[in-house]
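Q: Protein chains in written order, with the numbering used here: chain A, 592 to 1029; chain B, 592 to 1029; chain C, 592 to 1029; chain D, 592 to 1029. Each residue gets a CB set at the ideal place from its N, CA and C atoms; glycine is no exception.
Number of protein chains: 4
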Amino acid sequence: MSYFGNIGKIRYEGRESDNPLAFKFYNPDEVILGKTMREHLRFAVAYWHSFTGEGNDPFGVGTNIRGWNQYTGMDLAKARVDACFELLDLLDVDYFCFHDRDIAPEGETLQETNRNLDAIVARIGEQMKATGKKLLWNTANMFTNPRFVHGAATTCNADVFAYAAAQVKKALEHGKELGAENYVFWGGREGYETLLNTDMKLELDNLARFMHMAVDYAREIGFDAQFLIEPKPKEPTKHQYDFDAATALAFLHNYGLKPHFKLNIEANHATLAGHTFEHELRVARINGVLGSIDANQGDMLLGWDTDEFPTDLYSTTLAMYEILQNEGGIGRGGVNFDAKVRRASFEPIDLVYAHIAGMDSFARGLKVAARLIEDRALESFVEKRYASFQSGIGAEIVSGKANFHTLEAYALQNKPIVNESGRLELIKSVLNRYLLNA
Amino acid sequence: MSYFGNIGKIRYEGRESDNPLAFKFYNPDEVILGKTMREHLRFAVAYWHSFTGEGNDPFGVGTNIRGWNQYTGMDLAKARVDACFELLDLLDVDYFCFHDRDIAPEGETLQETNRNLDAIVARIGEQMKATGKKLLWNTANMFTNPRFVHGAATTCNADVFAYAAAQVKKALEHGKELGAENYVFWGGREGYETLLNTDMKLELDNLARFMHMAVDYAREIGFDAQFLIEPKPKEPTKHQYDFDAATALAFLHNYGLKPHFKLNIEANHATLAGHTFEHELRVARINGVLGSIDANQGDMLLGWDTDEFPTDLYSTTLAMYEILQNEGGIGRGGVNFDAKVRRASFEPIDLVYAHIAGMDSFARGLKVAARLIEDRALESFVEKRYASFQSGIGAEIVSGKANFHTLEAYALQNKPIVNESGRLELIKSVLNRYLLNA
Amino acid sequence: MSYFGNIGKIRYEGRESDNPLAFKFYNPDEVILGKTMREHLRFAVAYWHSFTGEGNDPFGVGTNIRGWNQYTGMDLAKARVDACFELLDLLDVDYFCFHDRDIAPEGETLQETNRNLDAIVARIGEQMKATGKKLLWNTANMFTNPRFVHGAATTCNADVFAYAAAQVKKALEHGKELGAENYVFWGGREGYETLLNTDMKLELDNLARFMHMAVDYAREIGFDAQFLIEPKPKEPTKHQYDFDAATALAFLHNYGLKPHFKLNIEANHATLAGHTFEHELRVARINGVLGSIDANQGDMLLGWDTDEFPTDLYSTTLAMYEILQNEGGIGRGGVNFDAKVRRASFEPIDLVYAHIAGMDSFARGLKVAARLIEDRALESFVEKRYASFQSGIGAEIVSGKANFHTLEAYALQNKPIVNESGRLELIKSVLNRYLLNA
Amino acid sequence: MSYFGNIGKIRYEGRESDNPLAFKFYNPDEVILGKTMREHLRFAVAYWHSFTGEGNDPFGVGTNIRGWNQYTGMDLAKARVDACFELLDLLDVDYFCFHDRDIAPEGETLQETNRNLDAIVARIGEQMKATGKKLLWNTANMFTNPRFVHGAATTCNADVFAYAAAQVKKALEHGKELGAENYVFWGGREGYETLLNTDMKLELDNLARFMHMAVDYAREIGFDAQFLIEPKPKEPTKHQYDFDAATALAFLHNYGLKPHFKLNIEANHATLAGHTFEHELRVARINGVLGSIDANQGDMLLGWDTDEFPTDLYSTTLAMYEILQNEGGIGRGGVNFDAKVRRASFEPIDLVYAHIAGMDSFARGLKVAARLIEDRALESFVEKRYASFQSGIGAEIVSGKANFHTLEAYALQNKPIVNESGRLELIKSVLNRYLLNA
């Protein structure tokens, strides 16, 4: 059966097409800077938003009309697998991502829960084999169930820590089974509601212990996925420990975990933390930990995680600009649509429209970013801007030869200091020109 | 002459006093937890706001009526020194803090600038000797002059880097001369306006080079002050590199600077970064880098650094709660009023009222925090909350004996997981009770 | 049976009590400015948060442990009524508030839904008669059900508008039946997600038509409750039409509805709109539309409606300061705890602790505000500050005699303009002194 | 002499041009929807930012390198006039805007200040006659001078009110003399720092009195400019009375001023108030008060008025979408660049680049918006979305025939309620397609 109607595969028709069920910019086999769009972008569909989500919000119950909602329990879980692979096929998307609890219901006991999960993982594995689709990453949902009310690895309850460990152990095994390229840690409730009842030091120490155990266990079972931390500053807790990229880096440094982790940067989490998406990507990139991205966008006037499908071309362009300059591009990571259709976009076809919108936006961003790089449209300006560090006193600073004595002596010559304009307004014009012309 | 009128020293009169020129809570020699209030709080007046600031804002020129404004140039600089020591005496405050450019005007050349500075530092030194007042910290202003338009240590112009180095070299020398207990690095324009014209990696590398040079030079001249980084997320630049405590920690770790620096945490900078003041203090404390504080408060509905005098007793209480639990309390640091009277509070006496307001608020906060700690009003709840990590599986987790195998085995026993309420509402009641009764 | 354990009625024990199950400040029969605390505050419990809410959030299912959850359907609805009256009794609270859908489940048809509602309203009426408890206000929930996905009175679907009308008609009838003192319109989904698909003019016109119909129908059935609009700027929709008090006033003016409505001001909605609670109360007060309040507080660092129990004594003091100066005080309105226990405070007793916290905080706020007013601690300063409008040119301005000619002639005399300090810092000290001493 | 170098007039070269000193999208004589771009956009240069501003910020002094800074006093004022007309000529911009204090320095007395102003107004008038350039609007700066520390029309000091009246009287006369098409009231310090020392009712009453006097005087002297209020929520004061469009409307309604005023909507003020630019324009439009716009943009991650030149094509498109649908388009108003070059863009040529960036962005926005309207790309969807109000029960609602009785009867038929998707994601795709293809 079909969950999305008889619409056929979405094809590339070019920017002039007004067919809502066609790509205008995403042309998967078009080669850009030596790789196809498909290879650059490695799109993934997020199981939780697109197949498990119901369209509820804090003030209303679910609105989503979904064919699979005729089922319940394990039948529902199986139907969702089918729906997922149907959508992947329709959209020509190669990857998907899931939390354990997205794909299978909990049972009465952990054993039963695991059996449910095993069964669905097996079904997913079969469909992967049949279709060639791949698992970008999996993860464990340790925030929905009431047992995690005080956190998982940062809980105040040792029994919960143990349960979380069992859950991640299983998730690592399933990741290995399905050949996941990455494994993600998003700290759902790893944070606090109030400092007044919180032992932050113990909680962070425990979080680090948990991470080390996960690293050890993955090595033990030979699961060589890239491990990713996904920063978020707040929500659901008042303060989340993995606030932003810099905070995650401090944590990784502090606990000797830096060699084992990269970051999964999400656009909406970046803006909630007071940063642009591209800022977080740059921080990750220059620290060698840009691993993957969660592609979405927030509403800058709303203070919660809206997880909208990404359509802002400035954001997709600047994101791809960072990714293209990252060594190896997006590498083993990908562009995962951690995005949900608005509650008012409740028809199944909206899922298709929304992914087309997101894929086209990233495809356009890729193209614009590639042209900027090819033309060195910004790079030549930047290079000239910092030229004073290529020779003379600047070179001595960079090489480590200078010290406060030599620099003071230089300054006391009272050579006139001449700065040049940063040209922000001109640069913004250039960006607009590339956006429209690329 | 007197710059503040014939008002006499401000004395402690107790909470029932309605004398606006008396302390109601700050009783300097009252002993709390084994130390006097004076020793706990180590108050400092900030030279820039109280003696150099003019009461201007982006939409208006200065409004401040100040006796010293009858002078100009070096005469003005000298008058400000006198005013500072008069206020310290009036308020019975032991410490003050300054930027180099607050205390003396720039000259035509760096040599002349340094001569101006030397003269005023000498005058300050004399007054210190005469009065026993002390320098909590000094620092270099590397953001006001147009030469720093693109930053100082993170400039794109090597000549500016050299100038900044010369300036900090001099500041370290003056710090040593005056016996400063700390030296502060606030990254005025160390940040960016747009990533599009910025080589963030080079800028951060240079910032670290600058810091290492400063550490080396201080050691060379035997200046043993505590070095402090003061985080701020934005303003004046769109993004400041020392965004918050965690970001500063990541930087210190990354560049091998952690052994040499602690943090100076400012309340208003914390809230601009999306954190509470107490959060930033906690992060600093548990990482062993809580060095000093800039006492002020922001307006939570305004998005810029308002630097108001601290009067929120919740904030002062929770700040002192962290400081009292810090090893050695505030240590060599202090409580520096990096706060300015509102532009509409332009009379000299407002400076007195404002400091009384701030000092009383911190004194009350100290007293409330001390009572909370003495009674273990929160601690006993926290201890019980995490008790599961004291024995059994919890103790194995903390001691490093547990791993994913043992934890999974434990979880598969399906022992019912019982969480207990976090009691946030009750805790808030307790806090209010202490606030009013302490 | 008891839903809250065998704890007995909560009694006033005074500020020194450390009994968590006692009031420290709320002394219902204590007379302040000529009325008892009970009369001033008119506390109400909010049915939705305290009896219908489950402790879920966007990332997790309900955590609340509640005795009534052993029931389902109409039995559950009945049990909640019993629980509500038990809590009112325990807390000695006189009022409660509800939405229609809080108290009874929807049926298959509107007829069945109404029958369910009738039955529960009857049960509530009986308990009211038996206990003397009163209905502060009721309202209609027109945001949870998927039919309201595009709004209720501002929907794009006329059938939904009709349904909403039927629902409010019934709610008005029930309000009359139970003797509700007020009827509230909170515009749940009356707003938009994107302007691009929205006819804002038609939606606002329809909203006004709806309000006029409600006014007409209430008059027709002789329901003389005070009608209240409750502003909120955002959430659940991206933009809510009743953004804040001023926006609601513009709407009421524009559509000739001002004579028929007052406002219900909520603290957390105020701060989400970028205002303080007291600002919204002041705007309502000076426009003669301060009707009632929803007592809670937000987290100023979080961008969503957290609906915390009010414990900030500054906020409760300044709120009561406005209410005491309102003609008739809170009048037919009251102090409704539109607040929910944190998801981590999931035990029934937390509901008791939370209400005690809120009631004590408002009681203390009342007392402090009353003392400020009795002593004219702020008023005498304000009166003097504006004294120039009592005589001379100021009196001419206020009386309407002045015009640009006379004012220019006055200004051209070049009389020196002398402003006086606004004394904000001193005023904040005074406020702290009253907070602690009152 | 030339203040901008020998660069020649900026010409339209089309979107493929990479000449930084050419328009890529602004083609003044191109006809769109029956009017030229020039007629649609009515661009204006803002005197204060471009000729009076110095490039200072709260942490640094001015950086701007400007040829006219060789002069002082009235010579400087005259040089700025020349520079202004040179830039208008270079950019082919027809309009400019100023505050009184931008164009001429204050003297010792109001008489001398007025003489300075008269002289510069005369010079401006001559240049207008010589060049055909026009004054879009003028206004009075009542916020920079310390006398306005507590406000102008909302001051607590009647002498200041009188001074402000004299200042606006003069400004109205100058507006008439120069044939200004509009006169703007931006409430610089019309607001409060703290409610605790503020008589909000008196201040608002006085503000209304002031507005009525201005209306009367303009009528008296036959100055028929359009009067505009420019809303802003905060900065410089903590709360500004003209918070946003809705608040201004409530004020105008309340004081009988609505017939005399329209609004000047600024993009950055909109976002500071928690709204999109297009929201504020829509509110103004459907209330018949969309008068003019201040074209700029804010940084959504910064909480102050950054006044950047507008380059976000989404914003310019949606702004022009509202303006094109406004009756008479922008009418007597215009697109005024209330924008300043970044402090780091301190060379004179940056003023040219910045205006080109802004003009091109609005030209592109105009074109995209016009195409959306011509194709009814969004309108046809909106029309269909609300079709249920065209007939049947919907038509009865709109026509006023329906009431709660008829609507309840309709609802009780239990006709299934069918909503349709709002299609936000598809609409965003359509917008992107038009943005790139128009």
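Could you name the residues of chain C that Ala-935 (chain A) contacts, counting a contact when the two beta carbons are closer than 7 Å?
A: Neighbours of Ala-935 (chain A) on chain C, chain order: Val-740, His-741, Glu-784.
Q: Do you know offhand how far Gly-770 (chain D)'s Cα is from Leu-726 (chain D)'s?
A: So the two alpha carbons sit approximately 7 Å from each other.
Q: Counting only beta-carbon separations shorter than 8 Å, does Asp-648 (chain D) have a partner in chain G?
A: This model lacks chain G altogether; the protein chains it does include are A, B, C and D.
Q: At a CB-CB cut-off below 8 Å, which residues of chain B make contact with Thr-867 (chain C)?
A: By Cβ distance, chain B contributes Leu-892.
Q: Cβ of Ile-715 (chain A) within 8 Å of Cβ of Phe-937 (chain A)?
A: No. Outside cutoff.
Q: Under the three-state reduction of DSSP, which class applies to Phe-928 (chain C): helix, strand or coil?
A: Correct three-state label for Phe-928 (chain C): strand.
Q: Taking the DSSP output, what are the residues bridged to Gln-888 (chain A)?
A: A:Glu-899.
Q: Quick one: what does DSSP say Ile-988 (chain B) is sitting in, helix, strand or coil?
A: It is helical.
Q: If you pair each beta-carbon of the stretch 663-682 of chain C with each one of the stretch 983-995 of chain C, do three or more pairs fall below 8 Å?
A: With a cut-off of 8 Å, the stretch 983-995 of chain C and the stretch 663-682 of chain C do not count as touching, because too few Cβ pairs lie within range.
Q: Checking contacts by CB at 8 Å: is Ser-1012 (chain B) closer than that to chain C?
A: Taking Cβ atoms only, chain C reaches closer than 8 Å to Ser-1012 (chain B), which makes this a yes.
Q: Listed from N- to C-terminal order along the chain, which residues in the stretch 819-832 of chain D have their beta-carbon within a distance smaller than 7 Å of any beta-carbon of chain C?
A: So the list reads Pro-824, His-830, given in the order they occur along the chain.
Q: Strictly below 8 Å CB to CB, what residues from chain B border Val-652 (chain D)?
A: Within chain B, the residues near Val-652 (chain D) are Thr-735, Asn-736, Pro-737.
Q: According to a CB-to-CB cut-off of less than 7 Å, which residues of the stretch 891-924 of chain D neighbour chain B?
A: Within the stretch 891-924 of chain D, the residues whose Cβ lies closer than 7 Å to some Cβ of chain B are Leu-893, Gly-894, Trp-895, listed in chain order.
Q: DSSP on Cys-675 (chain B), reduced to helix/strand/coil?
A: Reduced to three states, the DSSP call for Cys-675 (chain B) is helix.
Q: Among C:Lys-823, C:Cys-688, C:Arg-692, which residue has its Cα nearest to the Cα of Asn-773 (chain C)?
A: Of the candidates C:Lys-823, C:Cys-688, C:Arg-692, the one whose C-alpha sits nearest the C-alpha of Asn-773 (chain C) is C:Cys-688.
Q: Using a beta-carbon distance cut-off of less than 8 Å, what residues from the stretch 653-681 of chain B approach chain D?
A: If the cut-off is 8 Å between Cβ atoms, the stretch 653-681 of chain B has Gly-653, Thr-654 near chain D.
Q: What residues in its chain sit with their C-beta under 7 Å from that of Tyr-617 (chain B), if we drop five residues either side in the sequence?
A: Excluding residues within five positions, the ones whose Cβ falls inside 7 Å are Tyr-603, Met-628, Met-950, Asp-951, Ala-954.
Q: Measuring alpha carbon to alpha carbon, tell me which of D:Gln-817, D:Lys-760, D:Leu-848 ends up nearest Asp-796 (chain D).
A: Of D:Gln-817, D:Lys-760, D:Leu-848, the residue nearest in Cα terms is D:Leu-848.
Q: Could you give the DSSP three-state label for Asp-833 (chain C): helix, strand or coil?
A: Coil.
Q: Using a Cβ-Cβ cut-off of less than 7 Å, give me the residues of the stretch 779-811 of chain D that come near chain B, in sequence order.
A: Listed in sequence order: Gly-779, Glu-784.
Q: Run through DSSP, which three-state label would Thr-745 (chain B) get?
A: Residue state, collapsed to three classes: coil.
Q: Beta-carbon within less than 7 Å of Glu-871 (chain A)'s beta-carbon, same chain only, minus the 5 sequence neighbours each way: which residues are those?
A: So the qualifying residues of the chain are Asp-835, Ala-836, Ile-856, Ala-861.
Q: What do you get for Arg-800 (chain A), buried or exposed, if any count of 16 or more other CB atoms within 10 angstroms of its CB means buried?
A: So Arg-800 (chain A) ends up on the buried side.
Q: So which residues on chain A does Phe-834 (chain B) lean against when the C-beta distance must stay under 7 Å?
A: Within 7 Å Cβ-Cβ: Ala-837.
Q: Please confirm if the stretch 969-982 of chain D is in contact with the stretch 890-907 of chain A, defined as three or more CB-CB distances below 8 Å between the two stretches.
A: Too few Cβ pairs lie closer than 8 Å, so no.
Q: Considering only residues of the same chain and omitting the five flanking positions on each side of Arg-738 (chain C), which have a CB-CB separation below 7 Å?
A: Only Val-751, Tyr-754 meet the Cβ criterion.
Q: Given that a residue counts as buried once 16 or more other Cβ atoms are within 10 Å of its Cβ, and exposed if not, what is Arg-810 (chain C)?
A: Flag for Arg-810 (chain C) reads exposed.
Q: Please classify Ala-670 (chain D) as buried or exposed, where buried requires at least 16 other C-beta atoms within 10 Å of its C-beta.
A: Buried, by the Cβ-count rule.
Q: Output needed for Phe-972 (chain B): all residues of its chain with C-beta closer than 8 Å, excluding positions within five of it in sequence on either side, in chain order.
A: The residues are Arg-1014, Ile-1018.
Q: Please go through the stretch 962-987 of chain C and give each complete alpha helix (DSSP H) segment of 4 or more residues, from N-terminal end onward.
A: Counting only runs of 4 or more, we get 970-976.
Q: Would you give the residue range spanned by the beta strand (DSSP E) that Ile-856 (chain A) belongs to?
A: From DSSP, the beta strand (DSSP E) with Ile-856 (chain A) extends over 852-857.
Q: Residues of chain D with CB closer than 7 Å to the CB of Val-926 (chain A), please, in chain order.
A: None at all; the shortest Cβ gap to chain D is about 17 Å.
Q: Can you check DSSP and say which residues form a bridge with Lys-626 (chain A)?
A: Paired residues: A:Ile-623.
Q: DSSP state of Ser-883 (chain C), grouped into three classes?
A: Three-state DSSP puts Ser-883 (chain C) in a strand.
Q: Kindly indicate if chain A contains any beta-carbon less than 8 Å away from that of Asp-941 (chain D).
A: Taking Cβ atoms only, chain A reaches closer than 8 Å to Asp-941 (chain D), which makes this a yes.
Q: Measuring alpha carbon to alpha carbon, tell me which residue in B:Thr-828, B:Ala-961, B:Asp-685, B:Glu-821 is nearest Ala-839 (chain B).
A: Of the listed residues, the one whose Cα sits closest to Ala-839 (chain B) is B:Glu-821.
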